[in-house]
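Read the structure below first, then the notes.
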Amino acid sequence: MQVFKGLTLSPSSPISWGLIFFSVYIVVRSIAIITLILELASMLLPFTGPGVEVVIELIFYTLVTFVLKARLMKNKLISIEML
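Residue numbering for the sequence shown follows my numbering, starting at 616 and increasing by one per position.
Written as structure tokens, this is what we have:
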């Protein structure tokens with residue numbers, strides 16, 4: 616039973632279940648990091664203005680994006696052409 620290009624879901628096939636679990640892990644970890652960023656920014660709000668909170672969130676989102684891209688490129692899950 617073909618699902619994607621050459622990816623079969625039969626238990627005897629050598630598909631990369633690790634890749635599937637790694638993808639789920641990346642999504643869950645990204646959600647956790649974004650939640651942490653929002654919590655940190657909301658904790659800093661009483662000490663700063665609302666504009667500073669937005670700047671902090673943008674900086675953290677940018678850092679998270681670069682880290683995730685670097686990890687995916689390191690694991691050869693994406694190539695530079697895909698970016």
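All C-beta atoms in this analysis are idealised placements derived from N, C-alpha and C, irrespective of residue type, glycine included. From a predicted model like this one, the values you see are computed outputs, not experimental measurements.
Checklist line | Length of the line joining the Cα atoms of residue 616 and residue 632 | finding: Along the sequence shown, read from residue 1 onward, the residue named residue 616 stands at position 1. Along the sequence shown, read from residue 1 onward, the residue named residue 632 stands at position 17. Its pLDDT being 46, under 50, residue 616 is placed unreliably by the model, and the measurement read from it follows with that caveat. Residue 616 and residue 632 have their C-alpha atoms spaced approximately 16 angstroms apart.
Item checked: Neighbour-count burial assignment, residue 656, 16 or more Cβ in a 10 Å radius -> The residue you call residue 656 lines up with position 41 of the sequence shown. So residue 656 ends up on the buried side.
Check: So residue 662 is in the alpha helix (DSSP H); what residue range does that whole segment cover?
Finding: For the purposes of this step, residue 662 is identified with residue 47 of the sequence shown, where counting begins at 1. That residue, residue 662, is in no alpha helix (DSSP H); it is neither H nor E in DSSP.
Next item on the list: Rank 658, 649, 641 by C-alpha distance to the C-alpha of residue 674 and give the top, closest one.
Entry: For this step, residue 674 is matched to residue 59 along the sequence shown. Closest option to residue 674, Cα to Cα, is 649.
Checklist line | C-alpha gap between residue 641 and residue 661, whole angstroms | finding: Position 26 of the sequence shown, counted from the first residue, corresponds to residue 641. Position 46 of the sequence shown, counted from the first residue, corresponds to residue 661. Distance between the alpha carbons of residue 641 and residue 661: 32 angstroms.
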